[in-house]
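Here's the structure, in structure tokens; my notes come after.
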DNA sequence: GATATAGTTGACAGGTATGACAGGTTAAAT
DNA sequence: ATTTAACCTGTCATACCTGTCAACTATATC
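Chains as they are written, first to last, in this note's numbering: chain A, 1122 to 1309; chain B, 1122 to 1309.
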């Protein structure tokens, strides 16, 4: 079942540093969409509506709410691979963020809450296994899907799967392969 | 849930002995980051941004606000250094988060919004210069203070300063040195 | 040292959204 | 079933917004 994620006025108020009365007034004015419960008239705000409202008013969006299901983080530095990957991912409707090193990847992981991460295993200075380990050991990242771009036919392939990778793509050019696997993983 | 701690223009003005009109002008000029409420256009200033602004202009930081941003991120993996560093930092009242690699450091930087970061320059697999570059080039991280633990008497020391480090500590043991410099940077 | 000039700040006024409070009710937790 | 905690409504004082103008500060020039 699809669990509807909603907020109360109090929660919304705390998220934007405001009194709950003010949130109710925003709703009354029609600036923020919400529905009412029959009993006391409690307001419930769908997270999507709330995030949209925050964006419309250029207010900061709390990272735990930003979870956009089509956001993908690509960790790669080779310009060719980066460009090809971005294009392939955008073609299947993804919102792509690119990181060139582990640190930036980390900031984007925590800041943008992507649903999926693509790691170029050949990237020097990046330990993909370490990253995967960390993701799998943290509940807040445990269900981020991970696709690894790794040379075909090596024993590493099995290592990646054991470490928790959701899919492997045999190196570079196969942009259609990447796109297909990402699409599949995001649709489940 | 992440509760947003924010200030109004009036509060910010009182904190730095200034007219609220002036605070608004700082915001309009882009010197102080803030967002607006949809109604009357009230400004809300995140405490971290405000403290960063105060530090950037060497204005005194009120203790009750400094307490809110005493969070420090320690990037190190050597167990001895990690333990010593954590202890030293806690002794000067810091709230310490430890990362063992760049990726984790990135997630903590974006997730915990530390006011200061300590980087062990000897950590293999970590390019501190790259991290520093990234911090300095992003407005949201630009006023995070950075202390580097680097071997004394090398030409690297100057490179670190040029790259934007706020202070250097000559390698390991000198825990009192680390604590003192961190304390200084957080209090100015 | 005195004067001119540009830029920043503070004061004031009119308008209005926001926060605080109180009394009542229900949703949620146990 | 009971208790606790959070939400609702209405009202009022407060604090914030905008715009304008005078006062102040810093810098440059004579």
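Think of the CB as a built atom: it goes at the ideal place given N, C-alpha and C, for glycine as much as any other residue.
On the CB-based measure, 16 or more other CB atoms within 10 Å of its CB, does residue i come out buried or exposed?
i                       : result
residue 1126 of chain A : exposed
residue 1138 of chain A : buried
residue 1289 of chain A : buried
residue 1228 of chain A : buried
residue 1196 of chain B : buried
residue 1143 of chain B : exposed
residue 1226 of chain B : buried
residue 1273 of chain B : exposed
residue 1152 of chain A : exposed
residue 1161 of chain A : exposed
residue 1131 of chain A : exposed
residue 1122 of chain A : Caution is warranted here: a pLDDT of 40 is assigned to residue 1122 of chain A, below 50, making its placement in the model unreliable, and the coordinate value is therefore given only provisionally. Exposed: under 16 other Cβ atoms inside 10 Å.
residue 1259 of chain B : exposed
residue 1176 of chain A : exposed
residue 1218 of chain B : buried
residue 1146 of chain B : exposed
residue 1163 of chain A : exposed
residue 1165 of chain B : buried
residue 1190 of chain B : buried
residue 1263 of chain A : exposed
Tell me where the alpha helix (DSSP H) around residue i begins and ends.
i                       : result
residue 1229 of chain A : 1223-1233
residue 1142 of chain B : 1141-1149
residue 1155 of chain B : Segment: none, residue 1155 of chain B is in no alpha helix (DSSP H) and carries neither H nor E.
residue 1202 of chain B : 1200-1212
residue 1133 of chain A : 1130-1136
Please state if the CB of residue j and the CB of residue i are separated by a distance shorter than 9 Å.
i                       : j                       : result
residue 1304 of chain B : residue 1172 of chain B : no
residue 1167 of chain B : residue 1194 of chain B : no
residue 1284 of chain A : residue 1254 of chain A : yes
residue 1234 of chain B : residue 1298 of chain B : no
residue 1265 of chain A : residue 1236 of chain A : yes
residue 1256 of chain B : residue 1267 of chain B : yes
residue 1224 of chain A : residue 1141 of chain B : no
residue 1308 of chain B : residue 1133 of chain B : no
Show which residues of chain B have a CB atom less than 9 Å away from the CB atom of residue i.
i                       : result
residue 1235 of chain A : The premise fails here: residue 1235 of chain A is roughly 12 Å from chain B at the closest Cβ pair, so nothing lies under 9 Å.
residue 1167 of chain A : Those within 9 Å of residue 1167 of chain A in chain B number zero; the least Cβ separation is about 16 Å.
residue 1179 of chain A : 1156 and 1157
residue 1152 of chain A : 1159 and 1160
Listing by chain order, which chain A residues have their CB less than 7 Å from the CB of residue i?
i                       : result
residue 1225 of chain B : 1227 and 1255
residue 1219 of chain B : Neighbours of residue 1219 of chain B on chain A: none; closest Cβ ~13 Å, over 7 Å.
What are the boundary residues of the beta strand (DSSP E) that residue i is part of?
i                       : result
residue 1241 of chain A : 1237-1241
With a threshold of 8 Å, establish whether the CB of residue i neighbours any heavy atom of the ligand GDP.
i                       : result
residue 1242 of chain B : For the structure depicted, the ligand GDP is absent and the ligand set is empty, with no information on it obtainable.
Taking Cβ-Cβ distances shorter than 7 Å, what residues in chain B pair up with residue i?
i                       : result
residue 1268 of chain A : Chain B residues near residue 1268 of chain A: none, gap ~16 Å exceeds 7 Å.
residue 1183 of chain A : 1123
Using a Cβ cut-off of 8 Å, pull out every chain B residue sitting near residue i, in sequence order please.
i                       : result
residue 1139 of chain A : 1158 and 1165
residue 1251 of chain A : 1222 and 1224
residue 1147 of chain A : 1159 and 1160
residue 1230 of chain A : 1224, 1227, 1228 and 1231
Using a Cβ cut-off of 8 Å, pull out every chain A residue sitting near residue i, in sequence order please.
i                       : result
residue 1246 of chain B : 1246 and 1248
Cβ contact (3+ pairs, closer than 8 Å) linking the region 1240-1249 of chain A and the region 1231-1242 of chain B: no
With three or more beta-carbon pairs closer than 8 Å as the criterion, would you say the region 1173-1189 of chain A touches the region 1156-1171 of chain B? yes
Does the count of Cβ pairs from the region 1247-1259 of chain B and the region 1274-1287 of chain B closer than 8 Å reach three? yes
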